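Trainee: Let me begin by handing over the structure; questions about it come next.
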Amino acid sequence: YTLQHGSVISMTRSQSYLVLPSWNSTSGGSFSFTFRTNEPNGLLFYNQGLKGASLDVFAIEILEGYLYLHLNLGPEALKIRASNQRLDDGTWHKIEIFLRSKSGTIKVNEDFQEFAIPGESNGLELLNSLYVGNIDHLDSKITPPPSIWSASLNKGFVGCLRDLEMNGNHIDLHHFVKHQDSGSILTSCHITPPKCTNRPCLNGGVCVDGWGRYICDCSLTGFNGPICGKAASILQFDGSQRLSISNPGEGATEAENIVLRFRTPKAHGFLFELRDNNGGNTADKLEFLLIDGKIEVFLKMGLTEKKLIAGNDLGDDKWHNIHFKRRGMILSLAIDGNAPILAEAYGSMSTLGHTVLNLASRLYYTESLTPFSGHMQQFIFNGREYFEMIRSGTLVSSYSLTGVFYDANDSDVYHDVTFLSHHTYMGLPQLKTYANIDLYFRLRTLETDGIIMFNAGRGQDFIAVELSNGHIHYVLNLGYGVINLRDNSPRKINDNKWHTVSIGRPSQFKHTLRVDTYHSSANSKGNESNLDLDGILFLGGVRKNMYSKLPSEIISTYGYQGCLACIELNGVAGDPINKALVPSNQVSKGCEESVAYEWSNEPGLIRYNFPYDKRPDTRIDVLSLGIITPLNYAIIVRIDSASSNDFLEMQIEDGYIHILYNLGTEDIMISDKNILVNDGNYHVIKFTRSEANSTLQIDDHPTQFKYPIALRRQLTVFNSQSQIHVGGKWNPTSHKIEKSFQGIIAGLVYNGLRPLDLVANRDGGAKIHGRNVKIVENIPFDYRDTHSPLFRRDNQQGFKQMQMTNPSKYPDPGINDDLIYSKLECDEDEEKYYNPRCFAFEGSGDELITPVYTPPYNPLWKNRNTIQNCDDEEDCNTSTEGSGHSHDSTTKAFVYTTEPSPPTTWAPWETTSTPFEEMTQSKEKIVEVNEESSSQRPPIIYENYDTKYNVYDNEPEPKTPIYDTDRPRVTSAATSSTIMVISIILVAIIAIILIIFIVLRMRTRDEDRGYKVEESRTYQFDSTALVSSSNTTNNADLDEGEGGSLLGNTTSSNGFYARNLAVVKKPSSSSSSSKPIREWYV
């Protein structure tokens, strides 16, 4: 839902707020707006005057679904419940307020009521800013009165707001959002499906649907966080220890929410109290005691007192939960999630004053009030988790702690991901932070450096977290200079163990960093207190071209490699896999320890045999692994079929990755010659096959795509997979390992199967052949340094040839064979793809191989009508959908989309002669779509950005053409052959006519002259045979494809030599159509 003039916004989290100019209502005025939400509590507006003896206040809040209006004109305050019905029903509600000196009216939808404002003042003097949605709790000058319960409870408004007008003037909310918290406040309003249906809460947390979000109630569990995923801190008291916190909260409240979990073997003990030490014996207090296994709550506010008792047998050394709630004079106490006990206090005072919070013991105690002995957890007072704040170093109030934090079992992780490469990243929605900063994550890595997260902003603002020399480096700029924080852990954290990182901003000028149990802090500069971010949040790294443009205080020059988990960003659970705006296939779900094996310089092999009755037939294969190697030539992985010649093989040729596979038709190869993998670095390789199509990506380099052009005749199933060979290829004839591997292979996964893990677990189906294949505890990223002799030039086969770079953009003559010489004639980029002379080759005249070129048409793909040979009987059967069924679909098309990639030079001499023309491209991607709805909606573009790192423009994506591969296409070769056949027929007809004309003319001349010489000749013309011969020759040419000669000689990919000659049938002498013509000449 969107209105003109920028009048609708959505507040997406409770901590977000918007700052507007103050409402000028000194002599009266009007204030109107429309809102909707399904959350029962939240502060909508707050505006106060100058702080002093009398504080004028204007506020609107929603409590338990009802709307309340607050007006303070001096010492006396007005609080009105303006609605008779709950307004948290998700529908729009219009609110209108009119002030006239000391009276006014408020209208809620169609209901209105009048009110009178108490006090001596004749108007509101509101001189400070108007806060929308919440207040800035870091600003000490903002002091809401205790009567505004949502402010005391830290409950901000989450929902939609529109049509805000002050004194008849429309407020352009979009303008303020654009320049403030644009990450948390949206300029639209949409109704989203319930979020709790996905069960996001972990560990027994109770999920409640909010407005466009879910809320996990973790109070009955031993966990906290936005999805109850973190183990809550536990404090242990031995009966003589305590925790004392000075000035908790606002100092005076009319509403409290208190949660506590405890466990003790004793039936008596002091749990905690809130006390006003300034009141002497008549001081206000709220006291919780354990007496005879029951909870007793005593409330004292001036002369008002009330006691509540609940529970039974709570000293059984088991965890129990206390939930206490007070709203004015109404009290509620619940134990272990049972039905609450309600009570009402009577008296003239409803404000509880408190200056100190004591847990486990008072400063003094008597025999009748023994200290607490046991464990406490989840102590939450009005939204503040005090145990977590103390442990993370974000508690601003002074405190005294003699108890000991108990190390809970925090081994479980959630939403864990693995960054497989230094050169990748993920893009998440903009970090939702403006004033408060609360970041939490866990990491595990062996790397010493790398950017973990980065979010740029407007002006000089940015926030970044990186790993630098094995330590966490936190960098922040609020506009008044860079703030640097480095952890003070005595040890580096790149030890392949889980470590916890917490980043906070407890006050306006203080910033904290905690790594495990080590704390560090720094103070910010200047008066700027807000972090103005803009653009996506980069996780695990940034784009390649951004590293040189990052702020100089960021040290890392590449991304993070390792595991990240339990990401929490300002109260929102980070789920990189499901929430990524810019995903990466170099980031995998989970963080299981990759099993790695090392191959030494002697041949070795890991072989896995599929069970005889579970040999899969697959149309889709996914193969991924990581390698470190010095070799130029080796077989990494090979999968063979038991019933046919189908296979899949990943190999190293000249230091590059080549993948060869055959599905029963021909060998198909895909490779990436942009990156060498024998440089001693760790490389991640991912290969995906979908029927005959395939993709290959190495690290974060552009994905290579392979698709045979004649899709109709390509078989699609890899039949009866029987064996997986890792580290070479076993030759059963010679009983030797061919092209053995040397180096590290880690994390091998083939269609969900992990052969290396099976070997490590001594599974019966996987075995090691050879003594020099050994498991390694961790991936040795320093392999090149520890095996430096293997990377010397003289030790690498073909190293010089592999590393040489031709200064020209054309290959040297005879670079692969001294008997072959080739030369390009064209230099223009446009001509080299379309002009036939660009493909002409010149030689000295004594070459054994002479290339013949058949010019292609543009584009370079075409259909064939060739019937291919079969490798097994199933593949030959085209009438059933067998395991080798030929793909002949008429319901699918292929959409070719363009992706940016580094410029490459296409070399036609690199194309091998195969029965089908194929293409390997890094710029084009093939996506299978349904023909019935082949039009694609342009995706949202997150990658367009201007000079400020990641401020996006959402430019429209150009439409990509859709090519129907099922519709027969006329190729250039077919066109030429057809023209030739027609020409031959026309020439033959013309020749016949001419011969008949000449014969008749000669006959007439002979009769006139009266003499003759007898001589017989026979002329035979069979146009039918000639046309048939021409067509046959043309079909042969089509079958042989581009690169075949006019005689039809080709060499297929498996070395088979075929010769296809046109045969002209000789006519019978008895045929009447071939009757000879006889004549006599002089």
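Position 401 of the sequence shown, counted from 1, bears residue number 404 in our numbering, the numbering being contiguous throughout.
Glycine included, C-beta positions come from ideal geometry on N, C-alpha and C.
In this text the structure is predicted, and so the values were computed from the model without any measurement.
#1: Report buried or exposed for Phe422, applying the criterion of at least 16 other Cβ atoms within 10 angstroms of its Cβ.
#2: Drop a sphere of 10 angstroms on the beta-carbon of Glu67, count the other beta-carbons inside from all chains shown, and report buried for 16 or more, exposed for fewer.
#3: Beta-carbon within less than 6 angstroms of Ser124's beta-carbon, same chain only, minus the 5 sequence neighbours each way: which residues are those?
#4: For Arg447, count neighbouring Cβ atoms within 10 angstroms of its own Cβ and tell me buried if that reaches 16, exposed if not.
#5: What does the alpha-carbon distance come out to for the pair Gly507 and Trp733?
#6: Compare the beta carbon distance of Gly107 and Ile98 with 9 angstroms and say whether it is the shorter of the two.
#7: Does the distance from the CB of Trp602 to the CB of Phe744 come in under 9 angstroms?
#8: Below 8 angstroms on the Cβ atoms is my contact criterion, and I expect Gly45 with Lys158 to pass it. Report the Cβ-Cβ distance as a whole number of Å.
#9: Measuring only the C-alpha atoms, how far is Lys309 from Glu347?
#10: Could you work out which residue in Leu23, Leu223, Tyr428, Ala583 is closest to Tyr550 when comparing CA atoms only?
#11: Assuming Ile660 and Leu699 are in contact, meaning their beta carbons sit under 8 angstroms apart, how far apart are those beta carbons, in whole angstroms?
#12: Where do the N-terminal and C-terminal ends of the beta strand (DSSP E) with Asp643 fall, by residue?
#13: Can you tell me which of the three DSSP states Val155 falls into?
#14: Might you give, ordered along the chain, the residues of its own chain that have their beta carbon closer than 6 angstroms to the beta carbon of Thr403, omitting 5 neighbours on each side?
#15: Have a look at Ser904 and Phe541 and give me their C-alpha separation to the nearest angstrom.
#16: Leu176 lies in the alpha helix (DSSP H); which residues open and close that run?
#17: What do you reckon, are the CB atoms on Ile655 and Leu663 nearer than 9 angstroms?
#18: By the 10 Å Cβ neighbour count, where 16 or more other Cβ atoms means buried, how is Ala994 classified, buried or exposed?
#19: For Tyr483, tell me which candidate among Gly186, Ile145, Gly529 has the shortest Cα-Cα distance.
#20: Mind reading off the beta-carbon distance from Asn2 to Asn573? Whole number of angstroms is fine, and I expect it under 8 angstroms.
#21: Please go through the same chain and pick out, in chain order, the residues whose beta-carbon is closer than 8 angstroms to the beta-carbon of Pro229, but skip the five residues on each side of it.
#22: Nearest-angstrom Cα distance between Gly213 and Arg692?
#23: Report the option in Ile631, Leu534, Val776, Lys676 whose CA atom is closest to the CA atom of Leu608.
#24: Whose C-beta lies closer than 6 angstroms to the C-beta of Ser559 among residues of the same chain, with five residues either side of it excluded?
#25: Entirely within the region 330–397 and at least 4 residues each: give me those alpha helix (DSSP H) ranges in chain order.
#26: Whole angstroms are fine: how far does the CA of Leu398 sit from the CA of His686?
#27: Express the C-alpha separation of Gly767 and Pro614 in angstroms, rounding to a whole number.
#28: With a Cβ-Cβ cutoff of 9 angstroms, do Val625 and Leu759 count as a contact?
#29: Can you name the start and end residues of the beta strand (DSSP E) that Asn526 belongs to?
#30: Using three-state DSSP, classify Arg787 as helix, strand or coil.
#31: Which whole-angstrom value describes the C-beta separation of Leu372 and Leu277, a residue pair presumed to lie in contact below a C-beta threshold of 8 angstroms?
#32: Just how far apart, CA to CA, sit Asp287 and Ser353?
#33: Drop a sphere of 10 angstroms on the beta-carbon of Ser17, count the other beta-carbons inside from all chains shown, and report buried for 16 or more, exposed for fewer.
#34: Please state whether the Cβ-Cβ distance between Gly314 and Gly296 is less than 9 angstroms.
#35: In the DSSP assignment, what are the bridge partners of Asn250?
#36: In the structure shown, what three-state DSSP assignment does Phe744 receive?
Mentor: Taking the definition as stated:
#1: Reading the sequence shown from its first residue, position 419 is the one you call residue 422. By the 10 Å Cβ count, Phe422 comes out buried.
#2: Working through the sequence shown from its first residue, we reach residue 67 at position 64. Looking at its Cβ environment, which holds fewer than 16 other Cβ atoms inside 10 Å, Glu67 is exposed.
#3: The sequence position of residue 124 within the sequence shown is 121, counting from 1. Leu76, Gly77.
#4: Here residue 447 corresponds to residue number 444 of the sequence shown, with the count starting at 1. By the neighbour-count rule (16 or more Cβ atoms within 10 Å), Arg447 is buried.
#5: Looking up residue 507 in the sequence shown gives position 504. Looking up residue 733 in the sequence shown gives position 730. Cα-Cα distance, rounded: 57 angstroms.
#6: As a position in the sequence shown, residue 107 is number 104, starting the count at 1. As a position in the sequence shown, residue 98 is number 95, starting the count at 1. No. Outside cutoff.
#7: For the purposes of this step, residue 602 is taken as residue 599 along the sequence shown, with counting starting at 1. For the purposes of this step, residue 744 is taken as residue 741 along the sequence shown, with counting starting at 1. Cβ atoms of Trp602 and Phe744: closer than 9 angstroms.
#8: Stepping through the sequence shown from its first residue, residue 45 is reached at position 42. Stepping through the sequence shown from its first residue, residue 158 is reached at position 155. About 5 angstroms separates the two Cβ atoms, so the contact holds.
#9: By one-based count along the sequence shown, residue 309 stands at place 306. By one-based count along the sequence shown, residue 347 stands at place 344. Approximately 8 angstroms, taken between the alpha carbons.
#10: Here residue 550 refers to the residue found at position 547 when the sequence shown is read from its first residue. For Tyr550, the nearest C-alpha among the options comes from Tyr428.
#11: Start at 1 with the first residue of the sequence shown, and residue 660 comes out as number 657. Start at 1 with the first residue of the sequence shown, and residue 699 comes out as number 696. Contact flag correct, Cβ pair sits at about 7 angstroms.
#12: Counting from one through the sequence shown, the residue named residue 643 turns up at place 640. It spans 637–644 - the beta strand (DSSP E) in which Asp643 sits, taken as one unbroken run.
#13: Start at 1 with the first residue of the sequence shown, and residue 155 comes out as number 152. One point to set straight first is that residue 155 is Ser, not Val, in the sequence displayed. Looking at Ser155 - three-state DSSP - the assignment turns out to be helix.
#14: Position 400 of the sequence shown, counting from 1, holds the residue named residue 403. A small correction: the amino acid at residue 403 is Ser; Thr does not occupy that position in the sequence shown. Excluding sequence neighbours, Ser403 sits near Ser247.
#15: Reading the sequence shown from its first residue, position 901 is the one you call residue 904. Reading the sequence shown from its first residue, position 538 is the one you call residue 541. The predicted position of Ser904 is uncertain, since its pLDDT is 38 and thus under 50; a value taken from the coordinates is nonetheless stated next. So the two alpha carbons sit approximately 21 angstroms from each other.
#16: Taking the first residue of the sequence shown as position 1, residue 176 is located at position 173. Run containing Leu176: 176–181, per the alpha helix (DSSP H) assignment.
#17: Position 652 of the sequence shown, counting from 1, holds the residue named residue 655. Position 660 of the sequence shown, counting from 1, holds the residue named residue 663. Taking 9 angstroms as the Cβ cut-off, Ile655 and Leu663 do not qualify as a contacting pair.
#18: Taking the sequence shown and counting its residues from 1, one reaches residue 994 at position 991. Flag for Ala994 reads exposed.
#19: Translated into positions along the sequence shown, residue 483 becomes position 480. Tyr483 has its Cα closest to that of Gly529, out of Gly186, Ile145, Gly529.
#20: Coverage of the chain is limited to positions 4 through 1085, which leaves residue 2 absent and any answer about it impossible.
#21: In the sequence shown, residue 229 corresponds to position 226, counting from 1. The residues are Cys219, Glu571, Gly574, Val575, Ala576.
#22: By 1-based counting over the sequence shown, the position of residue 213 is 210. By 1-based counting over the sequence shown, the position of residue 692 is 689. Their backbone Cα atoms lie some 43 angstroms apart in a straight line.
#23: Here residue 608 is taken as the residue at index 605 of the sequence shown, counted from 1. Nearest of Ile631, Leu534, Val776, Lys676 to Leu608, Cα basis: Val776.
#24: Locating residue 559 in the sequence shown gives position 556, counting from the first residue. Only Asp452, Gly453, Ile454, Glu469 meet the Cβ criterion.
#25: For the region 330–397, whole alpha helix (DSSP H) runs of length 4 or above, ordered along the chain, are 389–395.
#26: As a first step, residue 686 must be located in the sequence shown, where it is residue number 683. As a first step, residue 398 must be located in the sequence shown, where it is residue number 395. Each residue's Cα considered, the two are about 44 angstroms apart.
#27: For the purposes of this step, residue 614 is identified with residue 611 of the sequence shown, where counting begins at 1. For the purposes of this step, residue 767 is identified with residue 764 of the sequence shown, where counting begins at 1. Cα to Cα, Pro614 sits roughly 10 angstroms from Gly767.
#28: Locating residue 625 in the sequence shown gives position 622, where the first residue counts as 1. Locating residue 759 in the sequence shown gives position 756, where the first residue counts as 1. No, the Cβ-Cβ distance between Val625 and Leu759 is not below 9 angstroms.
#29: Numbered from its first residue, the sequence shown carries residue 526 at position 523. Element bounds for Asn526: 521–526.
#30: Counted from its first residue, the sequence shown places residue 787 at position 784. Of the three classes helix, strand and coil, the one that applies to Arg787 here is helix, per DSSP.
#31: Here residue 372 refers to the residue found at position 369 of the sequence shown. Here residue 277 refers to the residue found at position 274 of the sequence shown. Contact flag wrong, Cβ pair sits at about 16 angstroms.
#32: Translated into positions along the sequence shown, residue 287 becomes position 284. Translated into positions along the sequence shown, residue 353 becomes position 350. If I take the Cα positions, the gap works out to 11 angstroms.
#33: One-based indexing of the sequence shown puts residue 17 at position 14. With 16 or more other Cβ atoms within 10 Å, it is buried.
#34: For the purposes of this step, residue 314 is taken as the residue at position 311 of the sequence shown. For the purposes of this step, residue 296 is taken as the residue at position 293 of the sequence shown. Cβ distance < 9 angstroms, so Gly314 and Gly296 count as in contact.
#35: For this step, residue 250 is matched to residue 247 along the sequence shown. Looking at the DSSP assignment, Asn250 forms no beta bridge with any residue, so it has no partner.
#36: Position 741 of the sequence shown, counting from 1, holds the residue named residue 744. Residue state, collapsed to three classes: coil.
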